[in-house]
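Asker: One structure, as structure tokens, below. Some questions next.
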Amino acid sequence: MLTKCDRVGCQIINPCGHMACGICSDQWITQVRSRPNPTCHTCREPASPLKALIPCRSFDSVIEKHIMVLEANGSVDWLKEGQKRKDWDRRIGCVLPLYWIYAHGTHRFGM
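My numbering puts the first residue of the sequence shown at 2, with every later residue one more than the last.
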């Protein structure tokens, strides 16, 4: 079962390798970037100042497959009209722009 803070848009902290959902990791990095040495939220190891977060699309794929299984098994909350599914879709919509920023190092979206 997915947790309260479902892993949406999972990010890997560079270089230690710890993971967090995109929203949580973005909030953490935004908070610690004002410090001289940003750190990992889990182990407090220094994070790369150039590319602190790396999208983990393979983990996202596992979560998406899990949601498909929940839907196929008739889990009411995870059907297209279910509340958990609607919440998931809303959160993934917030995280996709973050992927662009972390992958391209810019806040410009589009082509």
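Built from N, CA and C at the ideal position, the CB exists for glycine as well.
Predicted model, so just to flag it, every value in this text is computed and none were measured.
Measure the C-alpha to C-alpha separation of I68 and H42 and round it to an integer number of angstroms.
Answerer: Mapped onto the sequence shown, residue 68 falls at position 67. Mapped onto the sequence shown, residue 42 falls at position 41. In a straight line, the C-alpha of I68 is about 27 Å away from that of H42.
Asker: Using only the alpha-carbon positions, how far apart do A73 and F60 sit?
Answerer: Reading the sequence shown from its first residue, position 72 is the one you call residue 73. Reading the sequence shown from its first residue, position 59 is the one you call residue 60. Using only the alpha carbons, I get a separation of about 20 Å.
Asker: Once the 5 residues before and after E46 are set aside, which same chain residues still bring their CB inside 7 Å of it?
Answerer: The residue given as residue 46 occupies position 45 in the sequence shown. If we look at E46 and ignore the five residues flanking it on each side, its Cβ neighbours are C17, T40.
Asker: Using a threshold of 7 Å, state whether the C-beta atoms of Q84 and D90 are closer than that.
Answerer: The residue given as residue 84 occupies position 83 in the sequence shown. The residue given as residue 90 occupies position 89 in the sequence shown. Not a contact, by the Cβ cut-off of 7 Å.
Asker: How far does the alpha helix (DSSP H) with R80 in it reach, from first residue to last?
Answerer: Locating residue 80 in the sequence shown gives position 79, where the first residue counts as 1. Rather than Arg, the amino acid found at residue 80 in this sequence is Leu. Counting along the chain, L80 falls outside any alpha helix (DSSP H), and DSSP gives it neither H nor E.
Asker: What is the DSSP secondary structure of L71, reduced to helix, strand or coil?
Answerer: Taking the sequence shown and counting its residues from 1, one reaches residue 71 at position 70. In the structure shown, L71 sits in a helix (DSSP, three-state: H, G or I).
Asker: Grab the span of the beta strand (DSSP E) containing P56 for me, first residue to last.
Answerer: Translated into positions along the sequence shown, residue 56 becomes position 55. Here the beta strand (DSSP E) through P56 covers 54-56.
Asker: Determine the burial state of S26: buried for a count of at least 16 other Cβ atoms within 10 Å of its Cβ, exposed for fewer.
Answerer: Within the sequence shown, residue 26 is the residue found at index 25, counting from 1. The residue in question, S26, is buried, as its Cβ has 16 or more Cβ neighbours within 10 Å.
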